[in-house]
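**Student:** Could you have a look at this structure, given as structure tokens, before my questions?
2 protein chains.
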Amino acid sequence: MEFHPRRWVRQAGGVSLPEPSRRDTRLDSYVDAYAERTHGLQVSAVRALFAVANRPEVVSLAGGMPNITDLPREALAKAVDRLITDRGTQAMQYGSGQGEPFMRDRIVEVMAEEDVHAHADDVVVTCGSQQALDLVTRVFCDPGDVVLAEGPSYVGALGTFHAYQCEVVHIGMDDEGIDPVALRVALVSLRAAGRRVKFLYTIPNFQNPTGVTQTLRRRHEVIAIAREYDLLIVEDNPYGLLTLDAEPLPALRSLDADHVLYLGSFSKIFAPGFRVGWALAPHAVREKLVLTQEAATLCPPVFSQFAIATYLDEFDWRAQIDVFRGMYRERRDAMMSGLTQHMPEGTTWTHPTGGFFVWVTLPEGLDSQAMLPRAVNARVAYTTGTAFYADGLGSRNMRLSFCFPTPERILEGTRRLGEVMEQELQLHRTFGLGSEPLRHHDLTAGPAPDIS
Amino acid sequence: MEFHPRRWVRQAGGVSLPEPSRRDTRLDSYVDAYAERTHGLQVSAVRALFAVANRPEVVSLAGGMPNITDLPREALAKAVDRLITDRGTQAMQYGSGQGEPFMRDRIVEVMAEEDVHAHADDVVVTCGSQQALDLVTRVFCDPGDVVLAEGPSYVGALGTFHAYQCEVVHIGMDDEGIDPVALRVALVSLRAAGRRVKFLYTIPNFQNPTGVTQTLRRRHEVIAIAREYDLLIVEDNPYGLLTLDAEPLPALRSLDADHVLYLGSFSKIFAPGFRVGWALAPHAVREKLVLTQEAATLCPPVFSQFAIATYLDEFDWRAQIDVFRGMYRERRDAMMSGLTQHMPEGTTWTHPTGGFFVWVTLPEGLDSQAMLPRAVNARVAYTTGTAFYADGLGSRNMRLSFCFPTPERILEGTRRLGEVMEQELQLHRTFGLGSEPLRHHDLTAGPAPDIS
Numbered sequence: 001m002e003f004h005p006r007r008w009v010r011q012a013g014g015v016s017l018p019e020p021s022r023r024d025t026r027l028d029s030y031v032d033a034y035a036e037r038t039h040g041l042q043v044s045a046v047r048a049l050f051a052v053a054n055r056p057e058v059v060s061l062a063g064g065m066p067n068i069t070d071l072p073r074e075a076l077a078k079a080v081d082r083l084i085t086d087r088g089t090q091a092m093q094y095g096s097g098q099g100e101p102f103m104r105d106r107i108v109e110v111m112a113e114e115d116v117h118a119h120a121d122d123v124v125v126t127c128g129s130q131q132a133l134d135l136v137t138r139v140f141c142d143p144g145d146v147v148l149a150e151g152p153s154y155v156g157a158l159g160t161f162h163a164y165q166c167e168v169v170h171i172g173m174d175d176e177g178i179d180p181v182a183l184r185v186a187l188v189s190l191r192a193a194g195r196r197v198k199f200l201y202t203i204p205n206f207q208n209p210t211g212v213t214q215t216l217r218r219r220h221e222v223i224a225i226a227r228e229y230d231l232l233i234v235e236d237n238p239y240g241l242l243t244l245d246a247e248p249l250p251a252l253r254s255l256d257a258d259h260v261l262y263l264g265s266f267s268k269i270f271a272p273g274f275r276v277g278w279a280l281a282p283h284a285v286r287e288k289l290v291l292t293q294e295a296a297t298l299c300p301p302v303f304s305q306f307a308i309a310t311y312l313d314e315f316d317w318r319a320q321i322d323v324f325r326g327m328y329r330e331r332r333d334a335m336m337s338g339l340t341q342h343m344p345e346g347t348t349w350t351h352p353t354g355g356f357f358v359w360v361t362l363p364e365g366l367d368s369q370a371m372l373p374r375a376v377n378a379r380v381a382y383t384t385g386t387a388f389y390a391d392g393l394g395s396r397n398m399r400l401s402f403c404f405p406t407p408e409r410i411l412e413g414t415r416r417l418g419e420v421m422e423q424e425l426q427l428h429r430t431f432g433l434g435s436e437p438l439r440h441h442d443l444t445a446g447p448a449p450d451i452s
Numbered sequence: 453m454e455f456h457p458r459r460w461v462r463q464a465g466g467v468s469l470p471e472p473s474r475r476d477t478r479l480d481s482y483v484d485a486y487a488e489r490t491h492g493l494q495v496s497a498v499r500a501l502f503a504v505a506n507r508p509e510v511v512s513l514a515g516g517m518p519n520i521t522d523l524p525r526e527a528l529a530k531a532v533d534r535l536i537t538d539r540g541t542q543a544m545q546y547g548s549g550q551g552e553p554f555m556r557d558r559i560v561e562v563m564a565e566e567d568v569h570a571h572a573d574d575v576v577v578t579c580g581s582q583q584a585l586d587l588v589t590r591v592f593c594d595p596g597d598v599v600l601a602e603g604p605s606y607v608g609a610l611g612t613f614h615a616y617q618c619e620v621v622h623i624g625m626d627d628e629g630i631d632p633v634a635l636r637v638a639l640v641s642l643r644a645a646g647r648r649v650k651f652l653y654t655i656p657n658f659q660n661p662t663g664v665t666q667t668l669r670r671r672h673e674v675i676a677i678a679r680e681y682d683l684l685i686v687e688d689n690p691y692g693l694l695t696l697d698a699e700p701l702p703a704l705r706s707l708d709a710d711h712v713l714y715l716g717s718f719s720k721i722f723a724p725g726f727r728v729g730w731a732l733a734p735h736a737v738r739e740k741l742v743l744t745q746e747a748a749t750l751c752p753p754v755f756s757q758f759a760i761a762t763y764l765d766e767f768d769w770r771a772q773i774d775v776f777r778g779m780y781r782e783r784r785d786a787m788m789s790g791l792t793q794h795m796p797e798g799t800t801w802t803h804p805t806g807g808f809f810v811w812v813t814l815p816e817g818l819d820s821q822a823m824l825p826r827a828v829n830a831r832v833a834y835t836t837g838t839a840f841y842a843d844g845l846g847s848r849n850m851r852l853s854f855c856f857p858t859p860e861r862i863l864e865g866t867r868r869l870g871e872v873m874e875q876e877l878q879l880h881r882t883f884g885l886g887s888e889p890l891r892h893h894d895l896t897a898g899p900a901p902d903i904s
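Residue numbers (my numbering), protein chains in the order written: chain A, 1 to 452; chain B, 453 to 904.
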């Protein structure tokens, strides 16, 4: 009995073509044994390029790694020392599949910072919020089901949806976030076509990759649509507390507890290496997530939960977030200033009020994928816009990250990038085209090695 | 488009019945939105019982938690203190989806202890070996595919196979491990019936739950069958180094690198709370596992990998395993002695030479599931045999763990258990039956809260 769902869908309303089979026949004796879902996996062809991009002489505006050098490392070392000495036999033992009760209590406190009021019973701790998204997709999605997502959207989420053979339908955005009219049209037409839309995946704050934040008015509109169409919203909020200009807006989950499944993470407000994220889910869904977590890992990292709880208890983590804010603000400002100084005419970009990312639209005639090898050669790297679409769009876009390099390096990076773009434009003006585009890669199989 | 695979298969050759639908309709507004795979998930009905069983007055012979009190906790605390101070910005940062190169090098060294010779390129680090099994199943198994497993087998593995809608066909065992004749018969008849058998899942050393170890002769027979039928073997080896009476036998992977995918873990030779395990896979499969890992968690716990590498580098971990061996040997001996003293006539049990578990067969007329509430009432707990079968067998069996309680508590536990069994037998002799059996539970949906 064979079952062949189509793998990806294009933009809502666009042409939908089944993908060619991608069975890898090179010397793989297991090729006939893999699950259907495995045949869609592909190694990102930009990995080799990223290996070069990670060399110190290259200014990488590509990765999404938080800058954690400001953490109080020595004091933290002493606190973890005491943790192991005093409570090591619990901290190093197996734990609960749902996550430790003390951890879930602390998570409730963290969420309250964004007006999310919840009970610890409804929190499921995960191995990073990536695993939360994986578990949610596993619980809800059969092959061929539709997931709605902003266009563009987070590459790691697209990879997860792809891994479960979902079809992603992108919903357009403007400066206020996801477009509610497009959302409504997509829902109506997909349902009329008999498609099963399982949820809307959205990053309302400082979206990855655009840096755009949903306005409060827009949030209310999105919630109204969710209620009207009984649509589940998966709200991914890793950057919410990293506001750079104003107070955080209320989370979607704070506006509707029944239609929103909230995903959070300690990766950006503390440190990613502990791999602790969470899902806050309606009660019945929470139970499914816990059973799925047990099948997936038995329990999320226990020692990490003890370490993070120790940090939250013994340190002023709110003040530390303020430190992070100041550091990222300086970098964001350097990025804005660099872009203003160095981008050729016809280039536009977003103006993020938080988070890590800026979304750049290149002047007509330029192709971000074709330009990337030359940019890396000129010692600057970025992520191509196509990585953030399931449907091949984004070739005139790039995502620039301001989270990791110093302000000086960010300025220098934008200068190098501006030069490369000028050269490309010159070629375009002279010959009427950018040079040979790279063959098309499927960037959605997984995030780049330096974590997109 | 709907797709309804059958969920479980019975013993090879037995009657195969489709399961009734299990949609939970109690107040779950998402019930129609779940994926097909989610409808098979069930909360273990023994959870409540286990909550009681975890009370201090109860001797729990049920859990599979390693005893880590002998770890050099204070020295380890100092080492992790230095790790955070000196290398905290790397240890707390994102890492590689495949696992850190230094970790994979150390894993190669650990595997060499059991004659497994491998290259670090072919190792994939996971969030516990449970996640390794989850990723392997995800890469290989479509709904309705068959996985072969010893009968009985590890409850957590059955839960994972169930979660991916695989059908488990159990292969009988004897004192030398899995029965090669039964394995051959099952393979031939399943393939003749057009079924896709994806792999054999086996725990060759001190099997969970039986404690039985495959003899060397048997290992060669199993490998010969794998070669003859081109069958992939998934070798799960968490306890291999915890030999109590003799040197470890060579791992299946050491006998055949092409047909064996090896799963290892630091949970039993160091500590489970860090959640670090691994898969050693043929090269082409390794690539699929890494991409799947990236979609599932981005990367396995990074800090945990630094902590474990620190332990392996700065401590005599081989000597520590000898300490563990001595401690578990004392407990195993207490268990054997207690069973000899206290089990009623007609009871039989295995004689493990390592690991954590003993498999007990009750005298005719007794039902381990029906007896469990009375055992817990008498302040002793065990795991019912049915948990370890996908097909309802095991009602006359129980798994006893000697890993966690002290030798004195183990002796006392077997004494209490013997008394309960005597009372049950008395009832049986008087009335011709054990008392009312519990309604049947699906114990395979996930491990019990105290980690089976």
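Every residue, glycine too, gets a C-beta built ideally from N, C-alpha and C.
If you're wondering where the values come from, they're calculated on a predicted model, not measured in any experiment.
How far does the alpha helix (DSSP H) with residue 616 (chain B) in it extend, from its first residue to its last?
**Tutor:** Where residue 616 (chain B) is concerned, there is no enclosing alpha helix (DSSP H), given that its DSSP letter is neither H nor E.
**Student:** Taking 8 Å as the CB-CB cut-off, is residue 934 (chain B) touching chain A?
**Tutor:** Outside the displayed range of chain B (453 to 904) lies residue 934 (chain B), so it cannot be described from this structure.
**Student:** Give me whichever residues DSSP pairs with residue 605 (chain B) in a beta bridge.
**Tutor:** Note: residue 605 (chain B) sits in no beta bridge, so no partner.
**Student:** Rounded to whole angstroms, what's the CA-CA distance from residue 253 (chain A) to residue 349 (chain A)? Just pull it up for me.
**Tutor:** Straight-line Cα distance between these residues: approximately 29 Å.
**Student:** Can you look up residue 265 (chain A) in the DSSP assignment and give me helix, strand or coil?
**Tutor:** Strand.
**Student:** Can you tell me the Cα-Cα spacing of residue 606 (chain B) and residue 622 (chain B), whole angstroms?
**Tutor:** So the two alpha carbons sit approximately 11 Å from each other.
**Student:** Does DSSP put residue 236 (chain A) in a helix, in a strand, or in coil?
**Tutor:** Strand at residue 236 (chain A).
**Student:** Output needed for residue 287 (chain A): all residues of its chain with C-beta closer than 7 Å, excluding positions within five of it in sequence on either side, in chain order.
**Tutor:** None.
**Student:** If you scan the segment 363 to 429 of chain A from start to end, which runs of the beta strand (DSSP E) of 3 or more residues do you find wholly inside it?
**Tutor:** Fully enclosed beta strand (DSSP E) runs of 3 or longer: 397 to 401.
**Student:** Could I get the ranges of all uninterrupted beta strand (DSSP E) runs contained in the segment 84 to 134 of chain A, with 3 residues as the minimum, in chain order?
**Tutor:** 123 to 126, all fully within the segment 84 to 134 of chain A.
**Student:** Closer than 8 Å by C-beta to residue 489 (chain B): which residues in its own chain qualify, once you throw out the five before and the five after it? Chain order, please.
**Tutor:** These residues qualify, in order along the chain: 595, 615, 616, 617.
**Student:** How about residue 123 (chain A): is its C-beta nearer than 8 Å to some C-beta of chain B?
**Tutor:** Output row for residue 123 (chain A): interface = no.
**Student:** Mind checking if residue 432 (chain A) is an interface residue toward chain B, Cβ cutoff 8 Å exclusive?
**Tutor:** No - not a single Cβ of chain B is within 8 Å of the one on residue 432 (chain A).
**Student:** Let's test the definition: count the other Cβ atoms within 10 Å of the Cβ of residue 726 (chain B) and tell me whether it reaches 16, buried, or not, exposed.
**Tutor:** Buried is the call here.
**Student:** Could you have a look at residue 200 (chain A) and say whether DSSP puts it in helix, strand or coil?
**Tutor:** Reduced to three states, the DSSP call for residue 200 (chain A) is strand.
**Student:** Could you tell me which chain A residues have their CB closer than 8 Å to the CB of residue 530 (chain B), listed as they occur along the chain?
**Tutor:** Chain A residues near residue 530 (chain B): 81.
**Student:** From residue 209 (chain A) to residue 240 (chain A), what distance separates their C-alpha atoms?
**Tutor:** Those two C-alpha atoms are separated by around 14 Å.
**Student:** Check whether the Cβ atoms of residue 777 (chain B) and residue 862 (chain B) sit closer than 8 Å, and answer yes or no.
**Tutor:** For residue 777 (chain B) and residue 862 (chain B), no; Cβs fall outside 8 Å.
**Student:** Compute the Euclidean distance between the alpha carbons of residue 157 (chain A) and residue 40 (chain A), then round it to the nearest angstrom.
**Tutor:** Cα-Cα distance, rounded: 15 Å.
**Student:** Does residue 612 (chain B) get closer than 8 Å to chain A when you measure Cβ to Cβ?
**Tutor:** It does; some Cβ of chain A falls within 8 Å.
**Student:** Since residue 64 (chain A) is in the alpha helix (DSSP H), which residue starts that stretch and which ends it?
**Tutor:** Taken as a continuous stretch (DSSP letters only), residue 64 (chain A) belongs to no alpha helix (DSSP H), as it is neither H nor E.
**Student:** List the endpoints of the continuous alpha helix (DSSP H) containing residue 213 (chain A).
**Tutor:** Taken as a continuous stretch (DSSP letters only), residue 213 (chain A) belongs to no alpha helix (DSSP H), as it is neither H nor E.
**Student:** Note down, in chain order, all residues in the segment 734 to 745 of chain B with a beta-carbon under 9 Å from any beta-carbon belonging to chain A.
**Tutor:** Taking 9 Å as the Cβ-Cβ cut-off against chain A, the residues of the segment 734 to 745 of chain B that qualify are 734, 735, 736, 737, 739, 740, 742, 743, 744, 745.
**Student:** Would residue 95 (chain A) pass as an interface residue toward chain B - the criterion being a Cβ-Cβ separation below 8 Å?
**Tutor:** Output row for residue 95 (chain A): interface = yes.
**Student:** Which full runs of the alpha helix (DSSP H) of 4+ residues lie inside the segment 746 to 801 of chain B, going along the chain?
**Tutor:** Whole alpha helix (DSSP H) segments, 4+ residues: 754 to 766, 769 to 794.
**Student:** Could you run through the segment 179 to 202 of chain A and flag, in chain order, every residue whose CB is less than 7 Å away from some CB of chain B?
**Tutor:** So the list reads 198, given in the order they occur along the chain.
**Student:** Quick check: the segment 122 to 135 of chain A against the segment 292 to 300 of chain A, are there 3 or more CB pairs under 8 Å?
**Tutor:** Touching, yes, given that three or more Cβ pairs across the two stretches are closer than 8 Å.
**Student:** Among the candidates A:385, A:379, A:423, A:285, whose CA atom is the shortest distance from the CA of residue 58 (chain A)?
**Tutor:** Ranking A:385, A:379, A:423, A:285 by Cα distance to residue 58 (chain A) puts A:379 first.
**Student:** Three Cβ pairs or more, each shorter than 8 Å: is that satisfied between the segment 538 to 551 of chain B and the segment 105 to 117 of chain A?
**Tutor:** No, they do not touch.
**Student:** Can you list the residues of chain A that residue 521 (chain B) reaches, using a CB-CB cut of under 8 Å?
**Tutor:** The contacting residues are 89.
**Student:** Taking DSSP as the reference, what is the three-state secondary structure of residue 626 (chain B)?
**Tutor:** Looking at residue 626 (chain B) - three-state DSSP - the assignment turns out to be strand.
**Student:** In the DSSP output, which residue or residues are listed as bridge partners for residue 809 (chain B)?
**Tutor:** Answer by DSSP bridge pairing, in chain order: B:853.
**Student:** Apart from the five residues on each side of it in sequence, which residues of its chain come closer than 8 Å, Cβ to Cβ, to residue 309 (chain A)?
**Tutor:** Only 100, 102, 103, 106 meet the Cβ criterion.
**Student:** In its own chain, which residues sit with a C-beta less than 7 Å from the C-beta of residue 138 (chain A), not counting the 5 before and 5 after it?
**Tutor:** If we look at residue 138 (chain A) and ignore the five residues flanking it on each side, its Cβ neighbours are 164, 292.
**Student:** Please report how far the alpha carbon of residue 668 (chain B) lies from the alpha carbon of residue 811 (chain B), in whole angstroms.
**Tutor:** Each residue's alpha carbon lies about 21 Å from the other.
**Student:** Mapping the DSSP letters down to three states, classify residue 701 (chain B) as helix, strand or coil.
**Tutor:** Of the three classes helix, strand and coil, the one that applies to residue 701 (chain B) here is coil, per DSSP.
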